[in-house]
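A.B. asks:
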Amino acid sequence: MLHALLKLYEARIAEHTAIIDIYLQKSVGIGDHDNILKVIDERFEKLTCAKHCKEELEKIINAVQTKDETKTETKK
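Using the numbering used here, you'd call the opening residue of the sequence shown number -7 and step up by one each time.
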């Protein structure tokens, strides 16, 4: 389950990064020009949140793996 959650955060990071890139590079095709800054700001907040969540989850996964490895070594 933790690895599935990690993939979810990776997908969110990719999504928000792509949308920010589109707004920055191809804003001509976007009809709602008045809200570009607002949308970029919102997406940036979501991007940083997803990155933070991914980093914290990776710490948890590493701790669990280390704990499991320690248990395995102790049983030998």
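Heads up, the beta-carbon is just placed ideally off N, CA and C, and yes, glycines get one too. Note that the coordinates shown come from a computational prediction; the quantities given were computed from them, not determined experimentally.
To the nearest angstrom, how far is it from the Cα of glutamate 7 to the Cα of threonine 66?
C.D. replies: Mapped onto the sequence shown, residue 7 falls at position 15. Mapped onto the sequence shown, residue 66 falls at position 74. If you take the alpha carbons of glutamate 7 and threonine 66, they lie about 43 Å apart.
A.B. asks: From threonine 64 to lysine -1, what does the alpha carbon distance come to, in whole angstroms?
C.D. replies: Within the sequence shown, residue 64 is the residue found at index 72, counting from 1. Within the sequence shown, residue -1 is the residue found at index 7, counting from 1. If you take the alpha carbons of threonine 64 and lysine -1, they lie about 27 Å apart.
A.B. asks: Leaving out five residues on either side along the sequence, give the residues of the same chain with a beta carbon under 8 Å from the beta carbon of glutamate 50.
C.D. replies: Counting from one through the sequence shown, the residue named residue 50 turns up at place 58. Only Leu(-2) meet the Cβ criterion.
A.B. asks: May I have the straight-line CA-CA distance separating isoleucine 15 from threonine 9, to the nearest angstrom?
C.D. replies: Residue numbering aside, residue 15 sits at position 23 when the sequence shown is read from its first letter. Residue numbering aside, residue 9 sits at position 17 when the sequence shown is read from its first letter. Per the sequence presented here, residue 15 reads as tyrosine, with isoleucine not at that position. When rounded, the distance between both Cα atoms is 10 Å.
A.B. asks: Taking the straight line between their C-alpha atoms, what separation do you get for glutamine 57 and cysteine 45?
C.D. replies: Your numbering for residue 57 matches position 65 in the sequence shown. Your numbering for residue 45 matches position 53 in the sequence shown. Their Cα atoms are separated by approximately 18 Å.
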